[in-house]
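Asks: Could you have a look at this structure, given as structure tokens, before my questions?
There are 2 protein chains.
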Amino acid sequence: MATLADVARAAGVSKATASRALTRPEMVTEATREKVRAAADRLGFQPNRSARALTTGRTGLIGLIVPTLANPFFSPLVLGAQRAAEEADAHLLISVSEADADREAALAARLGEQADGVVMVAPVGTDAALREHARQRPLILVDRRVGRLPAVVLDAEEGATRLADHLLELGHRDLAYVSGPPGSWSDTRRRAALAERAAAAGARLHVLGPLPPTFDAGIAAADRLPADATAVLVYNSYLTLGLLHGLRAAGRRVPDDLSVAAGDDLTAFAVTDPPVTALSFPVEEAGATAVRRLLDLCGGTGARTTTRLAPRLEVRASTGVPGRR
Amino acid sequence: MATLADVARAAGVSKATASRALTRPEMVTEATREKVRAAADRLGFQPNRSARALTTGRTGLIGLIVPTLANPFFSPLVLGAQRAAEEADAHLLISVSEADADREAALAARLGEQADGVVMVAPVGTDAALREHARQRPLILVDRRVGRLPAVVLDAEEGATRLADHLLELGHRDLAYVSGPPGSWSDTRRRAALAERAAAAGARLHVLGPLPPTFDAGIAAADRLPADATAVLVYNSYLTLGLLHGLRAAGRRVPDDLSVAAGDDLTAFAVTDPPVTALSFPVEEAGATAVRRLLDLCGGTGARTTTRLAPRLEVRASTGVPGRR
DNA sequence: CCGCTCTCTGAAACCGGTTCCCCGGATGTA
DNA sequence: TACATCCGGGGAACCGGTTTCAGAGAGCGG
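From first to last, the protein sequence lines stand for chains A and B. According to the working numbering, the first sequence holds residues 1 to 325 in order. According to the working numbering, the second sequence holds residues 1001 to 1325 in order.
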């Protein structure tokens, strides 16, 4: 494996000049620049990232912590993050926290050692832990806001509002909300937005939960819905799938007896029976934006602002006018 | 941030001794070891990974290349890989190839620069490219075999055999196979195993495809099934979901008119209508095994063998006896 | 024609660990 | 008591880049 010294020798210049020719081209003459470049790719020179990291203090690695990958929500997020990282010649260091706050904190610390900064999707961590982490190294939060820490959020309130409006327009006046995990920031915001919207339209909102965002919890929720609800909004896709399962078992028809709408989207929703009305978030864009903003932060530019991305409402067959029974 | 030199000074020993006390404890006296350790955690010493990597040539990073994360198959794979990496104090450098052979090769090269070795799930790359890559640095293939390159495979033949046997035992004699992407190694193996099994039982096997493993391709496949087939096996979950959708649109009932079974599993399969009989692979274990074997390979131990992991058959409602119509 | 400034290049220091080589002292053996 | 051996520890080289600092040479004005 060729080193910079080899390249320098081959090009007949010093290590210093070779380094400059490759990383700060504007600092050397056109002629030397070409000489060095030619030598470099003749020898197949690949700069040693560790050596570079040692002096510059930049590893070119970006930590990405997600609560899970099982939720299809995160696949486009990672993809977007990767694309943005690639543009900057950086790599993604990934870790799955399994929605465990302690684990999340531990991973953040460990990743922080090696990465230039960390992008965290941290629905469960405490504000204090996240603040502390942000103080130690560049951090971008995704789908979460903590004080003035830099963040990229999918606008859950806006989404909940659109979802609520959709159901209210159909004529529903008795809504239920199957809420997400205790302490989830975005769940709290959605609930507030729904309540606000329902109240404005003179409708009632019954909240179930908080519940763990799992299939089984969804099944169980089916039996605990208030009898007079004509429409139910669900925190996320797993709960929704479980709820559908439970409703089917209980013999309740969707949307004839009950309309169902989900707070996030899932490809599989197009093929469940019936297809589920859901919010679709620009998740890939969120991943890319988070990484770009993180890189800005590492570079010294970049502000402590929150970027909001708005969802789209995908209306499918699971919602309809109430009382068709 | 404290350096090794700081620790050494605080402990009243040389850098050399401090280094040894922390990384090769058996080389120093009990007393010095304790002195150094005490100083280290008093100062909150974190060894600089880049500096260490520079001399040792080991970065503690493991590349992981997957074709996609959208397929839920890969979520447990990553989780298993991460667990194994964590045990060895290593981190996962992830990249999504989007099932593009060129991109895959490029990513492998780029990751290889920084990682000690690479775990690749490479359904589409050419044998030659993979061989070439393996020659440059440690490589473990997952769900793919190329000559004698080290690999961890989910036993597709064994799985296909079990699936075929299940349908044959139910009494089916006219089977169809909706095959996967062209050139996919595991698809080829499955097809061969199915053909062999069908032939042995005196049944007929009609093969559709190759097809891209997408939802839409599955829908299209529904119209092209041979009229006399009573059971259909499908390469993977997306094709299966699409197929179910297409069959419903065409008014064919599952399993009354047609039994459907999938070659890989998906949590969502338990809640489709009907729940789908499928193969369930120990994917998390595969991820962990791949990383452990890769680390062995980096350490010089580790052989060029293939580890096979057998699938389990999950019988659900989508398969039944033929001709119930 | 001299001297000053400006630009490009090279020598060497440096980042923070690991490891080679050697030395001093303790131990064992004759 | 004398000498070989073994062991823990220290000094310094080293990994492969980047950056500082100073010097050489060219261009310009006076």
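Note that the Cβ used here is the ideal one computed from N, Cα and C, for glycine as well. Please read all numbers here as calculations on a predicted model, not as lab measurements.
Run the CB neighbour count on Ala1303(B), radius 10 Å, all protein chains shown included, and call it buried at 16 or more, exposed below.
Replies: In the second sequence, the residue the question calls residue 1303(B) occupies position 303. That one is exposed.
Asks: With a threshold of 16 other CB atoms inside 10 Å of the CB of Glu1104(B), please say whether the residue is buried or exposed.
Replies: Along the second sequence, read from residue 1 onward, the residue named residue 1104(B) stands at position 104. The residue in question, Glu1104(B), is buried, as its Cβ has 16 or more Cβ neighbours within 10 Å.
Asks: Kindly indicate which three-state DSSP category Arg308(A) falls into: helix, strand or coil?
Replies: If you number the first sequence from 1, residue 308(A) lands on position 308. Of the three classes helix, strand and coil, the one that applies to Arg308(A) here is strand, per DSSP.
Asks: The beta strand (DSSP E) that contains Asp1216(B), what's its start and end?
Replies: The sequence position of residue 1216(B) within the second sequence is 216, counting from 1. Run containing Asp1216(B): none in the beta strand (DSSP E); it sits in the alpha helix (DSSP H), 1215-1223.
Asks: Quick one: using the 10 Å Cβ neighbour count with 16 as the cut-off for buried, is Gly1012(B) buried or exposed?
Replies: Residue mapping note: residue 1012(B) aligns to position 12 of the second sequence, counting from 1. Under this definition Gly1012(B) is an exposed residue.
Asks: Evaluate contact between the segment 1044-1051 of chain B and the segment 1247-1255 of chain B, counting only Cβ atoms and requiring at least three cross-stretch pairs below 8 Å.
Replies: no
Asks: How would you call Gln136(A), buried or exposed, if buried means at least 16 neighbouring beta carbons within 10 angstroms?
Replies: In the first sequence, the residue the question calls residue 136(A) occupies position 136. Exposure of Gln136(A) is indicated by the presence of fewer than 16 other C-beta atoms within 10 angstroms of its C-beta.
Asks: With a threshold of 8 Å between beta-carbons, can Ala1129(B) be considered close to chain A, or not?
Replies: The residue you call residue 1129(B) lines up with position 129 of the second sequence. Answer no: the Cβ-Cβ gap between Ala1129(B) and chain A never drops below 8 Å.
Asks: Check for me: the alpha helix (DSSP H) holding Gly1287(B) runs from which residue to which?
Replies: Sequence index remark: in the second sequence, residue 1287(B) carries index 287 (1-based). Run containing Gly1287(B): 1283-1299, per the alpha helix (DSSP H) assignment.
Asks: Any Cβ of chain A within less than 8 Å of the Cβ of Arg1292(B)?
Replies: Along the second sequence, one-based indexing puts residue 1292(B) at 292. No, because no Cβ of chain A sits closer than 8 Å to the Cβ of Arg1292(B).
Asks: Please list, in chain order, all residues of the same chain as Phe74(A) whose beta carbon is under 6 Å from its beta carbon, the five residues on each side excluded.
Replies: Against the first sequence, residue 74(A) aligns to sequence position 74. Here the set comprises Val66.
Asks: Which residues does DSSP pair with Asp1314(B) in a beta bridge?
Replies: Here residue 1314(B) is taken as the residue at index 314 of the second sequence, counted from 1. One detail in the question is off: residue 1314(B) reads as Glu in this sequence, not Asp. Answer by DSSP bridge pairing, in chain order: Ala1278(B).
Asks: Once DSSP output is grouped into helix, strand and coil, what is the label at His1091(B)?
Replies: Residue mapping note: residue 1091(B) aligns to position 91 of the second sequence, counting from 1. If DSSP states are grouped into helix, strand and coil, His1091(B) belongs with the strands.
Asks: Who are the neighbours of Gln114(A) on chain B, taking C-beta pairs under 7 Å?
Replies: As a first step, residue 114(A) must be located in the first sequence, where it is residue number 114. Chain B residues near Gln114(A): Arg1049, His1091.
Asks: Kindly indicate if chain A contains any beta-carbon less than 8 Å away from that of Val1078(B).
Replies: The count along the second sequence starts at 1 and reaches residue 1078(B) at position 78. So, interface residue.
Asks: Spell out whether any CB of chain B is found under 8 Å from the CB atom of Val142(A).
Replies: In the first sequence, residue 142(A) corresponds to position 142, counting from 1. Chain B, which has no Cβ nearer than 8 Å to the Cβ of Val142(A), makes this no.
Asks: Once DSSP output is grouped into helix, strand and coil, what is the label at Arg1137(B)?
Replies: As a working note, residue 1137(B) is residue 137 in the second sequence. Here Arg1137(B) sits in coil by DSSP.
Asks: Taking 8 Å as the threshold (C-beta atoms), are Val1119(B) and Val1142(B) in contact?
Replies: As a position in the second sequence, residue 1142(B) is number 142, starting the count at 1. As a position in the second sequence, residue 1119(B) is number 119, starting the count at 1. Their beta carbons are under 8 Å apart, which means Val1142(B) touches Val1119(B) by this criterion.
Asks: How many angstroms separate the CA atom of Ala1310(B) from the CA atom of Arg144(A)?
Replies: Looking up residue 1310(B) in the second sequence gives position 310. Looking up residue 144(A) in the first sequence gives position 144. Rounded to whole angstroms, Ala1310(B) to Arg144(A) spans 41 Å at the Cα level.
Asks: Strictly under 8 Å for the Cβ-Cβ distance: is Ala2(A) near chain B by that measure?
Replies: Here the question's residue 2(A) lines up with position 2 in the first sequence. No, no contact with chain B.
Asks: Does the segment 169-184 of chain A come close enough to the segment 203-210 of chain A that 3 or more CB-CB pairs lie under 8 Å?
Replies: yes
Asks: How about the segment 24-31 of chain A and the segment 70-85 of chain A: do they share at least three Cβ pairs that are nearer than 8 Å?
Replies: no
Asks: For Arg204(A), name the three-state secondary structure that DSSP assigns.
Replies: Counting from one through the first sequence, the residue named residue 204(A) turns up at place 204. Correct three-state label for Arg204(A): strand.
Asks: Pick from Phe215(A), Pro210(A), Glu158(A), Asp100(A): whose alpha carbon is nearest that of Val196(A)?
Replies: Residue mapping note: residue 196(A) aligns to position 196 of the first sequence, counting from 1. A quick correction: the sequence has Glu, not Val, at residue 196(A). Residue Glu158(A) is the option with its Cα nearest to Glu196(A).
Asks: Determine whether the beta carbon atoms of Arg308(A) and Ala84(A) lie at a separation below 8 Å.
Replies: For the purposes of this step, residue 308(A) is identified with residue 308 of the first sequence, where counting begins at 1. For the purposes of this step, residue 84(A) is identified with residue 84 of the first sequence, where counting begins at 1. Not in contact: Arg308(A) and Ala84(A) (Cβ atoms no closer than 8 Å).
Asks: Which of the three DSSP states is assigned to Asp1041(B) in this structure?
Replies: For the purposes of this step, residue 1041(B) is identified with residue 41 of the second sequence, where counting begins at 1. Three-state DSSP puts Asp1041(B) in a helix.
Asks: If you draw a straight line from the C-alpha of Leu1064(B) to the C-alpha of Pro226(A), how long is it?
Replies: Against the second sequence, residue 1064(B) aligns to sequence position 64. Against the first sequence, residue 226(A) aligns to sequence position 226. Their Cα atoms are separated by approximately 47 Å.
Asks: Please confirm whether Leu139(A) and His91(A) have their CB atoms less than 8 Å apart.
Replies: Within the first sequence, the letter at position 139 stands for residue 139(A). Within the first sequence, the letter at position 91 stands for residue 91(A). No, Cβ-Cβ distance for Leu139(A) and His91(A) is not below 8 Å.
Asks: Enumerate in chain order the residues of its own chain whose CB-to-CB distance from Leu243(A) is below 8 Å, with the five nearest sequence positions on each side excluded.
Replies: To locate residue 243(A), count along the first sequence from 1; it is residue 243. Counting only Cβ-Cβ distances below 8 Å, and skipping sequence neighbours, we find Val178, Gly218, Ile219, Ala221, Ala222, Val232, Val234, Val260.
Asks: If you measure beta-carbon to beta-carbon, which residues of the segment 1241-1264 of chain B are closer than 9 Å to chain A?
Replies: Listed by position along the chain: Leu1241, Gly1242, Leu1244, His1245, Arg1248.
Asks: Is Gly242(A) helix, strand or coil by DSSP?
Replies: Within the first sequence, numbered from 1, the residue matching residue 242(A) stands at position 242. It is helical.
Asks: Per DSSP, Ser1259(B) is paired with what?
Replies: Here residue 1259(B) is taken as the residue at index 259 of the second sequence, counted from 1. Partner(s): Ala1231(B).
Asks: Are Leu241(A) and Phe215(A) closer than 8 Å when you measure CB to CB?
Replies: Position 241 of the first sequence holds residue 241(A). Position 215 of the first sequence holds residue 215(A). Yes, the pair counts as a contact, with Cβ atoms nearer than the cut-off.
Asks: Assign Val1036(B) to one of two classes, buried (16 or more other C-beta atoms within 10 Å of its C-beta) or exposed (fewer than that).
Replies: In the second sequence, counting from the first residue as 1, residue 1036(B) sits at position 36. A residue is called buried when at least 16 other Cβ atoms come within 10 angstroms of its Cβ; Val1036(B) meets this threshold and is buried.
Asks: Could you check which residue in Ala1021(B), Asp1187(B), Leu1295(B) has the C-alpha nearest to that of Pro1212(B)?
Replies: For the purposes of this step, residue 1212(B) is taken as residue 212 along the second sequence, with counting starting at 1. Nearest of Ala1021(B), Asp1187(B), Leu1295(B) to Pro1212(B), Cα basis: Asp1187(B).
Asks: Specify, as a first and last residue, the run of the beta strand (DSSP E) that Ala176(A) falls within.
Replies: Within the first sequence, residue 176(A) is the residue found at index 176, counting from 1. That run of the beta strand (DSSP E) goes 174-178.
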